[in-house]
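Notes follow once the structure below has been shown.
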Amino acid sequence: MRFEKATLFSASPQRVFEVLTQESFRHALAKAADMHRWEVSVTESSAGILVANTVWYRSTSDRLPAAAQKVVGSEVAIHQVETWTSHEGGTIEMQMPGKPGHIKGEFVLDYDGEATTQTVNADISVRVPLLGKTLEKLLASEFSDTLEIQSRLGNETLNG
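Residue numbers for the sequence shown follow the working numbering, so the first one is 66 and each next one is one higher.
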């Protein structure tokens with residue numbers, strides 16, 4: 066499933082980059098997104114700045130058919146790695162250990178002189194017969210919600 070989401074930040078790409086790659090911001094984002102547990106690390110490598118998050122959230126299985134609830138369970142771990150290859154973008158990959166799904170794509174920060182738009186383009190795949198498309202839609206919805214929270218919290222941080 067193709068996924069595209071654009072969010073807006075009221076600052077230059079350099080300032081947005083500085084906020085989004087702060088470990089303290091990632092902790093605040095996990096808390097604001099109501100994650101059950103989380104681990105965060107930010108490191109530099111030859112590939113760029115790596116922001117790695119592992120988050121656990123309680124699934125909203127009441128929105129799923131009974132068969133899908135068995136696949137998802139009551140708690141889902143998501144390991145996310147963003148590789149910032151420049152101050153204006155990079156790649157993102159998310160995997161769910163023990164689950165047959167992933168998200169892989171890229172993100173770009175575009176500046177219009179007043180604000181920065183972060184655009185995320187990704188492929189979402191859940192390989193479960195008969196349930197894959199339903200679970201992909203749920204994953205896309207959760208990812209979109211988290212990007213909205215990131216934008217809101219990022220703007221609060223930038224303007225605070």
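Glycine included, every Cβ here is placed at the ideal spot set by N, Cα and C.
- Taking 8 Å as the upper bound for CB-CB distance, Thr119 and Glu104 are in contact here, some 5 Å apart.
- Distance from the CA atom of Trp121 to the CA atom of Val141, rounded to whole angstroms, is 6 Å.
- By the Cβ neighbour-count rule, Ala95 is buried, with 16 or more other Cβ atoms within 10 Å of its own.
- Taking the Cα of Val173 as reference, the smallest distance to any Cα among Pro165, Met159 and Gly155 is reached at Gly155.
- Within its own chain, the residues whose Cβ lies closer than 8 Å to the Cβ of Glu88, once the five positions on either side in sequence are excluded, are Val105, Ser106 and Val107, listed in chain order.
- For Asp175, the enclosing beta strand (DSSP E) begins and ends at Gly166 to Tyr176.
- Here Lys135 is exposed: its Cβ has fewer than 16 other Cβ atoms, across all protein chains shown, within 10 Å.
- The shortest C-alpha to C-alpha distance from Lys70 to any of Glu171, Asp177 and Val193 is the one to Glu171.
- Residue burial is scored here from C-beta neighbours: Pro162 has fewer than 16 other C-beta atoms within 10 angstroms and is therefore classed as exposed.
- In the DSSP assignment, Glu109 is bridged to Ile114.
- Secondary structure of Ala142 (DSSP, three-state): strand.
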